[in-house]
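According to our numbering, the sequence shown is numbered sequentially starting from 23.
From the three backbone atoms N, C-alpha and C, an ideal C-beta is built for every residue, glycine too.
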Amino acid sequence: MTKACIFDFDGVMIESERYWEDDEAKKLIYKEVYGVDIAEKLNNKTLGLNMDAIHALAKSYGSTVPIQHFYDACDRKAQMIYAHAPLTKGLDEVIDKLIILNIALGIVSASPKLWIDTALKRLKNASTFHTVISLHERSDLAHKPAPDGYNEAMRTLGVTPHDTIVIEDSNTGIASAKAAGVFTIGLRQNLVAGYTIEGADAYVEDITNVLQFV
23 MTKACIFDFD GVMIESERYW EDDEAKKLIY KEVYGVDIAE KLNNKTLGLN
73 MDAIHALAKS YGSTVPIQHF YDACDRKAQM IYAHAPLTKG LDEVIDKLII
123 LNIALGIVSA SPKLWIDTAL KRLKNASTFH TVISLHERSD LAHKPAPDGY
173 NEAMRTLGVT PHDTIVIEDS NTGIASAKAA GVFTIGLRQN LVAGYTIEGA
223 DAYVEDITNV LQFV
């Protein structure tokens, strides 16, 4: 029996990845912060990576820019994205059903808590999430693909990998959930063009199809 459902955030609960990727927002940020040459090297290599990992990759390409410059540039763009990007179609329906089934809800994301909270204010049942873990804020937890975030969420919710499901949309996130031993569903609904997910236990094209696995 499923006792908990843990969501990734970007690309699963909100169509933010399309705003970061399809409108070339990240490319513009990379150019602004790191310059044209490094931006070109970063393009198409950062989906699913947290900000620290992106900055580390930029450093490997020769950047000497302080990481705070990158954080500030992302924050400016994020204020618009998380206030206006569409929430995933069908998300409210799924959460309503999970609440009826008395399934504990959680979020594990690489995004800063402020970004998550900005979007959650727009969600009808945001208060029903029992734990929201921002790996950006938790220096004690390793980022995805490490399992730390999902292990911590399960500990907080009082559940085990055997009675938990995770919904992810990136290969990094899928690897994280699988490393935690959790049944992992790959959501294709909001994927950016050309990105393929693999390694999940099951795949759905629409988030409402997740309910068949509960």
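- For residue 207, the enclosing beta strand (DSSP E) stretches over residues 205-209.
- The residue from 80, 137, 185 with its alpha-carbon nearest to that of residue 101 is 137.
- Here DSSP, grouped into helix, strand and coil, assigns residue 128 to strand.
- Between residue 30 and residue 109, the alpha-carbon positions lie close to 13 Å from each other.
- Distance from residue 155 to residue 175 at the Cβ level is roughly 6 Å; contact confirmed, criterion being Cβ atoms closer than 8 Å.
- The three-state secondary structure of residue 161, taken from DSSP, is coil.
- For residue 88, the number of other beta carbons within 10 angstroms of its own is below 16, and it is reported as exposed.
- As the crow flies, the alpha-carbon of residue 58 is around 17 Å from that of residue 96.
- Collapsing the DSSP output to three states places residue 32 in a strand.
- From the listed residues 83, 61, 36, the smallest Cα separation to residue 113 is found for 36.
- Scanning 98, 33, 146 for the CA closest to the CA of residue 121 turns up 146.
- Counting of Cβ neighbours within 10 angstroms places residue 159 among the exposed residues, the total staying below 16.
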